[in-house]
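Notes for the one structure printed next.
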Amino acid sequence: MVAARSSHGAVAPPAIALVATLIATVAMPVASAAQRGGSPIRGGVAAIYGAPIGEFENFVERGWGLGIHGVLPLDPAGVIGLRADGGFLVYGHERQRTCLSRTIGCRILVDVNTTNSIVLAGIGPELSLPAGPIRPYANARAGLAYIATTSAVEGTRSDEDFASTTNFDDLVFSWGGGGGLAVAFSRRVGLDVGVVWLDNGRASYLREGDIVDEADGDIRLTPVRSDTDLVVFHVGLSIGGGSR
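Each step along the sequence shown adds one to the number in the working numbering, with nothing skipped, and position 183 is 286.
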């Protein structure tokens, strides 16, 4: 058991900065390509589902979230590309209604929301068929997985947080590969369905119920340490690419 409030708080900024850089890498070229028209640069956004595998499956059931990706072609035909992926998965959530403070008492109630999440970021090569109605692709990636548990306070009649804390986090190297299909609706937009297997190595993390509030106002943490491998499925939209 751990009585500290955060395990590796200093690693959060690099992970957030990396994800922000990946989002910029995706969004800016795709937006520019849309303005110019005809550019082979492509990207997409999707709903993602994370299925823990191996040892991780013993501790976590599933995760849901949002993913974004972009592909920069490295040859004129667009068959070989450099792909960047970013994703956010929530694998646990708790809501607790409590008094605002000991001083004010229970005249003002607040909701404390605790979220267990995984931020995924990776970059690597991709092989694809970028034109035609059916566009298969396969890729490999290396990057980071940031696993964190945060608690935020909001009013009972408001959805806006006015205070938050990272209770526990860990940052690990991540690598893997996968593939999928993009089915074209039009020359520039299609349905994208795919899967990626990720080896995230061993990490320390919290699950639902692993934070216990003590009578003296402190908290007790009971982190788990295990492999954190995932299979991530996605369904979403692809934007850009070759002609239909």
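Ideal placement from N, C-alpha and C gives every residue a C-beta, glycine not left out. Treat the numbers as computed from the prediction; the structure is a model and nothing was measured.
Inter-residue spacing [alpha-carbon to alpha-carbon] between residue i and residue j
| i | j | result |
| --- | --- | --- |
| S254 | F162 | 20 Å |
| W300 | R198 | 31 Å |
| I183 | P228 | 7 Å |
| P179 | T331 | 38 Å |
| H172 | G147 | 5 Å |
| S277 | P155 | 14 Å |
| G195 | E164 | 9 Å |
| G283 | G246 | 20 Å |
| P116 | V296 | In this prediction, P116 has a pLDDT of 47, which is less than 50 and means its spatial position is unreliable; what the coordinates show is noted afterwards. Rounded to the nearest angstrom, the two C-alpha atoms are 31 Å apart. |
| V338 | R200 | 35 Å |
| V256 | G312 | 18 Å |
| R145 | R244 | 17 Å |
| V292 | V193 | 28 Å |
| L185 | V174 | 5 Å |
| L294 | G304 | 31 Å |
| G166 | Y308 | 14 Å |
C-beta contact flag for residue i and residue j at 9 Å
| i | j | result |
| --- | --- | --- |
| I221 | F191 | yes |
| L324 | F271 | yes |
| L203 | L212 | yes |
| A241 | G280 | yes |
| G181 | A149 | no |
Neighbour-count burial assignment, residue i, 16 or more Cβ in a 10 Å radius
| i | result |
| --- | --- |
| F159 | buried |
| S341 | buried |
| P239 | exposed |
| D188 | buried |
| R328 | exposed |
| S289 | exposed |
| T252 | buried |
| V315 | exposed |
| Q321 | With the sequence shown as reference, residue 321 is identified as Asp, and Gln is not the correct amino acid for it. Burial call: exposed. |
| G157 | exposed |
| A318 | exposed |
| A306 | buried |
Contacting residues, own chain, Cβ-Cβ under 6 Å from residue i (five flanking each side not counted)
| i | result |
| --- | --- |
| T217 | E197, S254 |
| F336 | Y152, V298 |
| D302 | W278, G279, D332 |
Run of the beta strand (DSSP E) containing residue i, from where it starts to where it stops
| i | result |
| --- | --- |
| L177 | Unbroken run through L177: none, as it is neither H nor E. |
| G235 | G235 -> no beta strand (DSSP E), and no H or E assigned at all. |
| G293 | 292–302 |
| G153 | 145–155 |
| R328 | 327–330 |
| F162 | Taken as a continuous stretch (DSSP letters only), F162 belongs to no beta strand (DSSP E), as it is neither H nor E. |
| G312 | Element bounds for G312: n/a, residue is neither H nor E. |
| F336 | 333–343 |
Check: residue i C-beta below 8 Å from any heavy atom of the ligand NAD
| i | result |
| --- | --- |
| Q199 | Ligands in the displayed structure: none, and consequently the ligand NAD is not present. |
Beta-carbon contacts of residue i that lie in its chain and below 7 Å, excluding the five residues immediately before and after
| i | result |
| --- | --- |
| R310 | F162, V163, G195, N219, V327 |
Cβ-based neighbour list, residue i, same chain, cut-off 8 Å, excluding 5 preceding and 5 following
| i | result |
| --- | --- |
| S267 | T253, S254, A255, V256 |
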